[in-house]
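Residue numbers (mature numbering (1 follows the signal peptide of the UniProt record, and there is no 0)): -24 to -1, 1 to 344. For each residue, glycine too, the CB sits at the ideal point set by N, CA and C. In what follows, a single structure is set out as structure tokens and then discussed.
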Amino acid sequence: MRRVSRITALLAIAAAAGCTLDNALVGGRCADGFVQSNQECVPESSAPAPSGSTTPTAVTDATPPLDAGSDAPDTTPLPDASTPDTSVPDSSAPDAEEPDSSTPDTGAPDAPLVCEAPLVACRGQCLSVESDGQNCGACGKICPSNICVAGVCQGATPGDVVVIGHDFAQAWLGSAQAKVLLNAMTIPTTDPIRVLSYEDGASPLAVAQVRALVTYGIHGRGVQIVRAPDASALTSPTLSTYYDVVLVHDGAGLTPAALGASWATSLGTFTQKGGVVVALDGASSDMPSLLTASGLVSVASHAPLAEGTHLEVSAPADVVGAQVLSPYAAIGVTVGFGGVSAPDLTVVVREKTDAGDGTPVVVHRTVR
């Protein structure tokens, strides 16, 4: 009887506080999430704010939450007119990332320099080559006497004749065989190097490979290769005015001796004025007869060497042998020369023998 009275009293207290068994605990305290208001247990969200408090602003999906720390008020003072604004970059300091608006970069390559005759494009300038001893008749053509008159060097001007016993159809860029060719082709100091190429009767594959080696192997200077339309192109007395190198490919036809004789005067003049003649012998024609009849170099005979024959650079100080790996193995067809003679002749590469007197394969003559 006493226990029933106690329970009845507790229910009366809960009812007096406005709470129910669902939201109140024993002792008349509201459950979690509820607060007492006006003698009732009501949800916290619907309870009136306490006196002196502020109601927080709800965050909706349309207003993303602020980043940590960004909800603090901005205490940065506004700039004072009397105080320089240090937040603005100083215009006196160079800005490495800001392009110069006066010269917009279009990304297009610079247009080639065009000069009006008699000026020629030379190292980015239009220069006269009429009287400049360092650019006589062509850009970069140096007169040993440093005297240039009407585009022609005065005094002695050594020329060169290089005979190479290699067929270049199988040679590759970077090989010692290619290096010999490039050394010979770059004897002139001109830029670009102007080449007259005689290709009649030559193997198209060998000609194409030589052109590729020269085009891609010479760095820092340009190369202009002009194919001679016929044999008469090499009989001109003014070859040195327009060309720096006369390149004769192997394949002289049925009358190499007659061909060489027809070139004797013009090639003699060409080399005496500083021109370079490069003759390639791949054993497919009678190149010895052509060379002998031209008066450039006397060659009695030639004979093929076995592929892979070891060759040695016997004159590494010569311009044609400079930086050529020694020994190196012959690639493709290689010939050795017999009975080679001429003034100021140097055997640059020869067949490697224990005695050091192997058959010449590359010879270089300086014409004085």
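One thing to note: Ala259 has its Cβ within 8 Å of the Cβ of Pro280.
In the DSSP secondary-structure assignment, Ala305 is bridged to His286. Using a Cβ distance threshold of 8 Å, Ala178 and Gly131 do not count as a contacting pair. The continuous stretches of beta strand (DSSP E) do not include Gln185, which lies in the alpha helix (DSSP H) extending over residues 180 to 193. Inclusion of Ala152 and Ala182 in the CB contact set at 8 Å is not warranted, their separation being larger than that value. Secondary structure at Leu267: helix, using DSSP grouped into helix, strand and coil. For the pair Val325 and Val338, the CB atoms are nearer than the 8 Å cut-off. Note: Ile169 is bridge-paired with Val199 in the DSSP secondary-structure output. Residue range 252 to 256 is occupied by the beta strand (DSSP E) that includes Leu256. The stretch 231 to 251 makes contact with the stretch 267 to 282, as at least three CB pairs between them are under 8 Å. DSSP places Gln153 within a helical segment (H, G or I) once states are collapsed to three.
Excluding the 5 residues flanking it on each side, Val202 has same chain C-beta neighbours closer than 8 Å at Arg170, Val171, Leu172, Ser173, Tyr219, in chain order. DSSP places Phe246 inside the alpha helix (DSSP H), whose first and last residues are 232 to 248.
In the three-state scheme derived from DSSP, where H, G and I count as helix and E and B as strand, Ala279 is classed as strand. Note that the C-beta distance between Ala298 and Thr285 is not below 8 Å. Counting of Cβ neighbours within 10 angstroms places Asp262 among the buried residues, the total reaching 16 or more. Bounds of the beta strand (DSSP E) holding Leu321 are 321 to 327. Closest option to Gly116, judged by alpha-carbon separation, among Asp143, Gly196, Trp148: Gly196. An exposed status is given to Val90, since fewer than 16 other beta-carbon atoms sit within 10 Å of its beta-carbon. DSSP places Thr162 in no beta strand (DSSP E); its state is neither H nor E. In this structure, Ala154 lies near Gly193, with their beta-carbon atoms less than 8 Å apart. About 5 Å separates the CB atoms of Ser302 and Glu288; that is less than 8 Å, so the two are in contact.
Glu283 counts as exposed, since fewer than 16 other beta carbons sit within 10 angstroms of its beta carbon. The shortest CA-to-CA distance from Gln200 to any of Asp333, Ala188, Glu106, Ala207 is the one to Ala188.
Beta-bridge annotation (DSSP): Asp108 is paired with Asn111.
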